Every structure is written in structure tokens, then in C-alpha cells.
Amino acid sequence: MLGKFFRKPDQEQGERVPPGQHLAKGFPVLTYGATPQVSIEGWEFRVWGLAKSAIFTWSDFLALPQHEFTADFHCVTRWSKLDVKWTGVKVTDLMNLIEVEPQVAHVMEHCYGGYTTNITIEDFVREENFFAFQLFGEPLPAEHGGPMRLVVPHLYAWKSAKWINGLEFLNQEELGFWERNGYHRRGEPWAEERYGSGFGF
Ligand SMILES: Nc1nc2c(c(=O)[nH]1)N[C@H]1C(S)=C(S)[C@@H](COP(=O)(O)O)O[C@H]1N2
Ligand SMILES: [Mo]
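When you line the sequence shown up against this note's numbering, it's residues 476 to 676, in that order.
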């Protein structure tokens, strides 16, 4: 029954597939609502809250060191895709340009289209997290978050905001879109942190 869309992981890959997940064929698109049409001209990325307000342009991002990243991708709706190849810039490199206040503990990710998702500063500022603008060597397609998305490989992919355009730095946790609607506040796939237990907790 699952065969049309999913396949059972082989043993080696199986060790990389978190519990309750199947390998997807292809790379499914998972978006709540319409795909925003975002052009590079006029693209802006804002920083506010408990940080010095700043606006980064597309060329500001491209001026950061660019890297290739290979990461596994786990959607809470139970599909995973291994070895996704991206090009982008590290969250840590962007964060070197942002002056945050010492009490910052949480970040709200904001997007064109209005989607939000929350993350702790420890889960956000990690060497392996990145802003991606290419997927398998091609410009990131709009449906996968182009021109630019965040990728946070160690958490369920709803934390990997597509069309990201802002970071709001907070000292207390606030809940993003799915977290307010019953999903887990953190979303760690190996612990199957899928759903919260009421009020997003
Ligand atoms: N802005 C925005 N980002 C988003 C979403 C969304 O609906 N809007 N969906 C999330 C979910 S639930 C998943 S699984 C991944 C899916 O990314 P993909 O469509 O590139 O596979 O994007 C995440 N980021
Ligand atoms: Mo998802």
C-alpha cells in the first residue's frame, strides 16, 4: 500500500531513518497555504527583537562564505529524504554579523507569506544549520522555499522555514504556526517529538 510513494529503507540507510519514518521517493513539497512568489530584487531579510535591528539584502547573503551541505530531511508527516544536497551560507556566519543581547534564549523564524516557527538559540546557532539558495546544484525552486530557506537538519523539517525573511530574537519562548496548532515546541525526530500535549506544550 505504501509502495507507490514510499520504500522501506535498506539496512544501512535504515540506521539513518528516525523511528516512524519512511523514505520518500523524490522530494515531496509540504507547504501550508500558497507558495509566495518572492523575487531576488527587493528581497530583504530583517532582524529585530533583542538584537540590533538590521536589514540584509540578497547580496549581503551572497557575500558570506558559501558551502555545499548534504543533509537528511525528516518531515513530521512521516517521510524522510536522505542526502539532500544544498548550497548556502552557515547560520553561524550570519550570526557573526548580528549583535544579540545576552538574554536571548529563543528565536522566531519569519517568512514571506506569514509562516512562523520557533526554535531555541542553541538549536538555531549550530555549525550544521544553513540558509540554502541552491538544491542539487540548481537555484532553489519556489515550492521548496526559493529564493532562500533555512535548513535545520537535526529537527523535523517544519523548523526549516521556506522563504525565510526574518529573525526575531526573544528572551522567552513564543510559539510559531505549527507549534500553536499542536505540534511539539522542539521537534527532535529521533525522540519522535511530533506533537505537544495541549497548548503546544
Ligand atoms: N514558510 C514555510 N516554511 C515551511 C513550511 C511552510 O508551510 N511554509 N512547511 C514546513 C514543513 S512541514 C516541511 S516538511 C518543510 C517541507 O519542505 P519542502 O516543501 O521543501 O519539502 O518545509 C517547512 N517549512
Ligand atoms: Mo513537515
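Note that CB positions come from ideal geometry on N, CA and C, so glycine has one too. In this text, all values refer to a predicted model and were calculated from it rather than measured experimentally.
- Exposure of asparagine 656 is indicated by the presence of fewer than 16 other C-beta atoms within 10 angstroms of its C-beta.
- Summarising the contact set, residues whose Cβ lies nearer than 6 Å to any heavy atom of ligand 2 are, in chain order, Leu505, Cys550, Val551, Thr552, Ala632 and Trp633.
- CA-CA distance, histidine 581 to valine 559, rounds to 27 Å.
- By the beta-carbon neighbour count (other beta carbons within 10 angstroms, threshold 16), leucine 537 is exposed.
- Take methionine 583, set aside five residues on each side of it, and the residues of its chain with a beta-carbon closer than 7 Å to its own are Thr591, Asn593, Glu643, Leu645, Glu649 and Gly651, in chain order.
- Sixteen is the threshold: since fewer than 16 other Cβ atoms of the shown chains lie within 10 Å of the Cβ of asparagine 571, the residue is exposed.
- For glutamine 647, the closest of His497, Ala632 and Val579 by C-alpha to C-alpha distance is Val579.
- Put simply, the backbone Cα of serine 534 is about 14 Å away from that of asparagine 640.
- When DSSP assignments are scanned along the stretch 562–615, the uninterrupted stretches of alpha helix (DSSP H) that are 4 or more residues long and fall wholly within it turn out to be 566–570 and 596–599.
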